[in-house]
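Below: one structure, written as structure tokens.
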Amino acid sequence: MRTDSSPGDLPAREHLPAAGAGTAVLDVVIPVYNEEKDLQPCVRRLHEHLARTFPYGFRITVADNASTDATPLLAARLAAELAEVRSVRLEQKGRGRALRTVWSASDAPVLAYMDVDLSTDLNALLPLVAPLISGHSDLAIGSRLSRSSRVVRGAKREFISRSYNLILRGSLQARFSDAQCGFKAIRRDVARVLLPLVEDTGWFFDTELLVLAERAGLRIHEVPVDWVDDPDSTVHIVRTATEDLKGVWRVGRALATGSLPLDRLARPFGDDPRDRDLADVPRGLARQLVGFVVVGVLSTLFYLLLYSLFRQFGGSQAANALALLVSAVANTAANRRLTFGVRGRGGAIRHQAQGLVVFGIGLVLTSGSLAALNAATTDPAHSTELAVLIAANLAATVLRFLLFRAWVFPDRRDDDHDPHRPAPPPAPPYTPAPAPEHHRGPLPKRPVERTPRTHPVRPTDSDPRDIR
31 MRTDSSPGDL PAREHLPAAG AGTAVLDVVI PVYNEEKDLQ PCVRRLHEHL
81 ARTFPYGFRI TVADNASTDA TPLLAARLAA ELAEVRSVRL EQKGRGRALR
131 TVWSASDAPV LAYMDVDLST DLNALLPLVA PLISGHSDLA IGSRLSRSSR
181 VVRGAKREFI SRSYNLILRG SLQARFSDAQ CGFKAIRRDV ARVLLPLVED
231 TGWFFDTELL VLAERAGLRI HEVPVDWVDD PDSTVHIVRT ATEDLKGVWR
281 VGRALATGSL PLDRLARPFG DDPRDRDLAD VPRGLARQLV GFVVVGVLST
331 LFYLLLYSLF RQFGGSQAAN ALALLVSAVA NTAANRRLTF GVRGRGGAIR
381 HQAQGLVVFG IGLVLTSGSL AALNAATTDP AHSTELAVLI AANLAATVLR
431 FLLFRAWVFP DRRDDDHDPH RPAPPPAPPY TPAPAPEHHR GPLPKRPVER
481 TPRTHPVRPT DSDPRDIR
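Numbering of the sequence shown is given in my numbering, commencing with residue 31 and proceeding in unit increments.
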């Protein structure tokens, strides 16, 4: 994953000024590879639609990815015939490489791309780019998974698309609904900052771009689209899915290790919540809950596996205690690192000791449940024992999370609240200065100490600091 620095922070978003005649506000890129059959009718259809409905100047760029058929000749012929069409030839394949090359060199303030088959209804193009022109959003994507979208495609592609987006939500915490729809747009100033951080050159390019943009705090606008599947698509589904999963793993690892400089990209609007000094508000509760649930599910499965194994060699109480002890040590270590973000060996023994106290509470709950079951039934079935243990563990889980958050891994936002930090020396007693008997003229101004912000604030249009 690239870590080279970005060209600079993003400016405040503004409505694009009205462009003069012939000035391209929108540059629509169509990446193609061996598309001699569909290229001409699709480009002519797109050009006619833009000339008839788009109120700004536009450009259509055909980005040829090392085609071996007549595609480059047809693209050059279209560029010679239509003034708003140009062609770019790349000697290497890769949709992401084509988009990066054209977007980086384009002078249009709004950049977009769509697939050559024009599966997406072109009536969605103006709603796609309008939020970028107005300054409302930074990126815009077409979504086939919106409730108001109308989509015609086979069950296999529907299943793959929805599964892929579920993977993105579960692994990378993506909140956008459709990563693979070939219908996206981005502001040029945003692309200038984000493109150096995107590593993929193939089909995963736009997914990586969206994930990084979302993590950087940029605004992504979604447009419901009408979409018809192209039965002649040349996309290799298995190979593309494999490369996408590799990309998900690579980006997830980079985000987890903090190797991307996304924290230096200020959000391009004025009221940045990261600049607010909020007191007495728990931080990261949602993320901790998700991490705790994931660790809890895995540790519960591990505990049940150990219990079933130990039960073959001893009684239920001994098997429960031993299985719970082993799984509790693993659970505390996993929650320490993954849920509460505690790194290093400092305090690890103390955390495990406190975790064993929490384990004791869980042992009391589960052992009491088993004792009550054995009192009610002389020879309970193994499945009944597991059901009782699951119910008891669910009750213990809630208490375990509260104890972990408040006692084992408390959130110390202020270093002054850390008991291991030495207390600062007491301030000298305040002695008021004697008041002067007589003073003429205005009082001198008192110097004001300002604490530097850790994140820059973006001025809005009405901010007086933006007036030059």
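Glycine is no exception: its CB is placed at the ideal position from the N, C-alpha and C atoms.
The structure displayed is predicted, hence computed values, not measured ones.
Inter-stretch contact (C-beta, 8 Å, three-pair minimum) for the region 206–222 and the region 162–172: yes
Whole beta strand (DSSP E) elements within the region 222–250, 3-residue minimum: none
Buried versus exposed call for D145 [16 or more other C-beta atoms within 10 Å across all chains shown]: buried
For K123 and G172, believed in contact at Cβ under 8 Å, the rounded distance: Contact doesn't hold; Cβ gap of about 24 Å is too wide.
8 Å Cβ cutoff, G172 in contact with chain C: Looking for chain C here will not work: only one protein chain is present.
As assigned by DSSP and simplified to three states, the class of T98: coil
Alpha helix (DSSP H) runs contained entirely in the region 130–206, provided each spans 4 or more residues: 155–163 and 185–202
Distance, R205 Cα to F434 Cα: 28 Å
8 Å Cβ cutoff met for A360 and S329: yes
Alpha helix (DSSP H) segments (min. 4 residues) lying fully within the region 364–422: 378–406
Stretch-stretch touch, CB-based, cutoff 8 Å, three pairs: the region 222–231 with the region 181–189: no
Test item: CB-CB of E44 and T101 under 8 Å: no
CA nearest to the CA of E121, picked from T131, L112, A113 and V115: T131
Assigned exposure category for G247 - 16 Cβ within 10 Å defines buried: buried
For K214: DSSP bridge partner residues: Y143 and I171
Residues near F389 by beta carbon distance below 6 Å, same chain, minus five either side: A358
Beta-bridge pairing of P85 - partner residues as DSSP gives them: Note: P85 sits in no beta bridge, so no partner.
Of the residues R107, R317 and L285, the one placed nearest L242, counting alpha carbons only: L285
Any 3 or more C-beta pairs closer than 8 Å across the region 378–386 and the region 313–324: no
CB contact flag (P47, N95, <8 Å): no
Best match in R367, A426, L393 and S399 for proximity to F439 [C-alpha to C-alpha]: R367
Alpha-carbon to alpha-carbon, L104 and E238: 31 Å
Identity of the residues DSSP links to S117 by a beta bridge: V92
Per DSSP, cross-strand counterpart(s) of E252: I171
Check whether V418 and S399 have beta carbons under 8 Å apart: yes
Closest Cα partner of A109 within the set T98, R125, T91 and D99: T91
Distance, L155 Cα to L129 Cα: 18 Å
Identity of the residues DSSP links to P61 by a beta bridge: A93
Under the three-state DSSP convention, the category L56 falls into: strand
CB of D259 within 8 Å of CB of S149, strictly: yes
For R125, the nearest candidate out of I420, L275 and Y143 (CA to CA): Y143
Buried or exposed (CB count within 10 angstroms, at least 16 for buried), D230: buried
A135 beta carbon less than 8 Å from that of L56: no
CA nearest to the CA of I197, picked from G344, L395 and V281: V281
Nearest neighbour of L424, chosen from L393, S289 and V115 [CA to CA]: L393
Selection from G326, C211 and S289 that minimises the alpha carbon distance to A363: G326
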